[in-house]
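In our numbering, the protein residues as written are 1 to 82.
A quick write-up on the structure given underneath.
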Amino acid sequence: MTVPFSIEWKLVTEGKEKREKNRENFFSIVLEGYQLFPMDERIEIRRHQSSDQIGFGKVVELTWKDNQTICTYQLLSLYSVN
1 MTVPFSIEWK
11 LVTEGKEKRE
21 KNRENFFSIV
31 LEGYQLFPMD
41 ERIEIRRHQS
51 SDQIGFGKVV
61 ELTWKDNQTI
71 CTYQLLSLYS
81 VN
């Protein structure tokens, strides 16, 4: 059985991100399939694949489980209201 795997250079949230409690400017999102992001590097954050960039974030933790990726990131800058 093959497992979908992709390497990403931007994070597309589709509005599904959840704010982390007790951690300012940290968010988590559950993504389908196994996705790899650069760790501790500044990457683009977008709401939708075809939308403009809304800011920059830094991925600090990735968890792969049950054909899903749980990505925790720190929002570094925001161009519009979140």
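Each residue gets a CB set at the ideal place from its N, CA and C atoms; glycine is no exception.
Inset, instruction - Check whether the Cβ atoms of Q71 and L78 sit closer than 8 Å, and answer yes or no. - result: According to the sequence shown, residue 71 is Cys rather than Gln. Contact flag unset, no.
Legend entry - Beta-ladder partner(s) of K58, from DSSP: Beta-bridge pairing links K58 to R42, Q74.
Legend entry - Segment contact, 8 Å Cβ cut-off, at least three pairs: the stretch 36-45 with the stretch 5-14: Result yes; three or more Cβ-Cβ pairs closer than 8 Å.
Legend entry - Own chain, CB closer than 8 Å to G15, minus 5 neighbours either side, in chain order: Short of 8 Å from the beta carbon of G15, and not among the five residues preceding or following it, lie these beta carbons of its own chain, in chain order: R47.
Legend entry - Option nearest F56 by Cα separation, candidates I43, D66, W64, I29: I43
Inset, instruction - Assign F27 to buried or exposed, taking buried as 16 or more other Cβ atoms, counted over all protein chains shown, within 10 Å of its Cβ. - result: By the beta-carbon neighbour count (other beta carbons within 10 angstroms, threshold 16), F27 is buried.
Inset, instruction - Kindly indicate which three-state DSSP category S50 falls into: helix, strand or coil? - result: coil
Inset, instruction - Kindly indicate the opening and closing residues of the beta strand (DSSP E) around E14. - result: Here E14 belongs to no beta strand (DSSP E), and DSSP marks it neither H nor E.
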